[in-house]
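Here's the structure we're looking at; comments come further down.
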Amino acid sequence: MRFLTGGESHGRGLVTIVEGLPAGLELPRDLLESELARRRRGWGRGPRMAIERDRLEVWSGLRDGVTTGAPLSICLENTEWESWRGALDPHKVDPEKAEDRRIDCPRPGHSDMVGGIKYGHSDMRNVLERSSARSTAALTLAGTVARALLDRLGVTVRGAVTSIGGVAIEDPLSEEEWTRAETSDLGCPREVDEKVLISRISKAKEEGDSLGGTFLVSLWGMPVGVGSYVEWDRRLDGRLAGAVMSIPAIKGVEIGGGFNLAALPGSLVHDEIAVEDGEIVRLSNRAGGLEGGMTNGQDVLVRAAMKPIPTMRKPLRSVDLARGENTMAHFERSDSCAVPAACVVGEAMVAWVAASALTERFGGDVMADLERRVSELRLETGRDRRE
Ligand SMILES: Cc1cc2nc3c(=O)[nH]c(=O)nc-3n(C[C@H](O)[C@H](O)[C@H](O)COP(=O)(O)O)c2cc1C
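Now the structure itself:
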């Protein structure tokens, strides 16, 4: 499976094209819309989240709500396009409107300056429009499709926020806490932590500052042996890390115990193997469900670190590149904290990698065949289904 996205932040809309999906997968409209709504969540989101509507149209690959095997094209219309059209029209812009939207003062930490150098743009509007995190709505759509496929195979993806701006909260432990994290506006497993996070975000917002944080994504019910130890680019840990790291502002990814494992002796790290009631079990899951780049039947655990948002109401020092003068960075409406939203995008990317790897392992033309092969393997190995 592969997917491509196109579209600009304030352009006509976003496009996601997914190719290689099995035929026979149900994709109801409300399912496609539900994850987009979750991506808009969070306390520190910018004003755009209140305006954004995510009007979605499927252009191909679906008939009567079921995939046909043809490329699935989904368009997300930008409801504000008419007010930006003069400045961004693909064929003819209005020079005055384009001048109004011109960006000369790059934001440190964003793509503005380097993107401008790379593509020879003196107006960094051309960079901002594509590098904006609006594009993560297109990633979320691809991930939602992948989630639907995983769902049919009994695999569940869930995410939870685990820290914001240095305020750490405990990982979800129970089923109830995971469910709460999924539905909470802050991605928070426990209500009691929400107040602390809200006051941390509100303080940063008042100060015109921004915050990052961490989130955890888990994958339940993956069959054993998905991924590979034989070549670097087939290892599932590498693919998951690459996909999650590709999300804008993600600067660290850990599998299982991750960086903490480096400080511990092997005796406190590796997950011992035992027999209990005739079944082979693990006594811990510090490996995060992956050994040798393959799923081992335990929950797959991926944690990511997001840096603070680069656009700040109290901007950092920068340079007006048109005049060559010291000044402050460009500001336009922005999130001050997007960790809960990034968590939804993280779930989407983990779902995407898992679904792709499953179709590679079990074949991906017809959904019913894929389902049957996964069940057969589960019956053989017996111990990789979450009871
Ligand atoms: C869900 C989400 C929302 C984001 N919202 C904003 C935002 O409103 N303003 C902003 O400057 N950056 C935002 N970012 C981060 C930037 O897109 C990112 O920092 C930028 O593209 C540069 O990429 P890099 O941080 O990976 O170097 C967001 C990221 C994500 C994942």
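So the sequence shown is numbered by full-length UniProt numbering: it starts at 1 and just counts up by one.
For glycine and all other residues, C-beta sits at the position ideal for the given N, C-alpha and C.
- Within the same chain, L236, M294, T295, A354, A357, L358, R361 come within 8 Å of V226 by CB-CB distance, once the 5 residues on both sides are set aside.
- Not one heavy atom of ligand 1 falls within 7 Å of the beta-carbon of T162.
- Take K97, set aside five residues on each side of it, and the residues of its chain with a beta-carbon closer than 6 Å to its own are G86, A87, in chain order.
- Here S60 has A70, P71, L72, S73 as same chain residues with Cβ atoms under 8 Å from its own Cβ, once five neighbours each way along the sequence are excluded.
- The secondary-structure analysis by DSSP pairs D320 across a beta bridge with E325.
- Per DSSP, the unbroken alpha helix (DSSP H) holding G115 starts and ends at 112-119.
- With respect to the 8 Å criterion, A138 and T214 are not classified as neighbours on the basis of their beta carbons.
- Annotation for R361: the continuous alpha helix (DSSP H) segment containing it runs 339-362.
- Between ligand 1 and A341, a heavy atom-to-CB distance of less than 7 Å is present.
- With distances taken between CA atoms, E33 lies nearest to A148 out of S375, R125, A148.
- Proximity of the region 250-264 to the region 312-330 falls short of the contact definition, fewer than three beta-carbon pairs being nearer than 8 Å.
- Under DSSP, the beta-bridge partners assigned to G252 are A305.
- Annotated three-state conformation of A70 is coil, per DSSP.
- Restricting attention to A274, T156, A243, the CA atom closest to the CA of F3 is found in A243.
- T156 has W220 as its beta-bridge partners, per DSSP.
- Boundaries of the alpha helix (DSSP H) harbouring R180: 175-183, taken from the DSSP string.
- Here DSSP, grouped into helix, strand and coil, assigns V192 to helix.
- Distance from the Cα of L62 is smallest, within the candidate group S218, G257, L25, for L25.
- Secondary structure of I17 (DSSP, three-state): strand.
- When only Cα atoms are considered, A304 and M1 end up about 24 Å apart.
- In the DSSP assignment, V244 falls within the alpha helix (DSSP H) that extends over 236-245.
- For ligand 1, a non-hydrogen atom lies closer than 7 Å to the CB of A133.
- E231 carries a coil assignment under DSSP once its states are collapsed to helix, strand and coil.
- Annotation: L76 to R55 spans about 6 Å, alpha carbon to alpha carbon.
- Rounded to the nearest whole angstrom, the C-alpha separation of I309 and H110 is 9 Å.
- Burial state of R29 is exposed, judged by a 10 Å Cβ sphere holding fewer than 16 other Cβ atoms.
- By the Cβ test, the region 216-226 is not in contact with the region 259-268, since fewer than three Cβ pairs between them sit closer than 8 Å.
- Bounds of any alpha helix (DSSP H) do not take in W59; it lies within the beta strand (DSSP E) bounded by 55-60.
- Looking only at T156, P106, R101, E57, the smallest Cα-Cα distance to E325 is reached by P106.
- One alpha carbon belongs to R102, the other to D185, and they sit about 34 Å apart.
- For A274, the enclosing beta strand (DSSP E) begins and ends at 273-276.
- Distance from I164 to R200 at the Cβ level is roughly 6 Å; contact confirmed, criterion being Cβ atoms closer than 8 Å.
- Counting the other Cβ atoms within 10 Å of the Cβ of H330 gives 16 or more, which makes it buried.
- When DSSP states are grouped into helix, strand and coil, G266 belongs to the helix group.
- Within the model, the alpha-carbon separation for R239 versus W178 is close to 24 Å.
- Burial is judged here by how many other beta carbons sit within 10 angstroms of a residue's own beta carbon; V350 has at least 16 and is buried.
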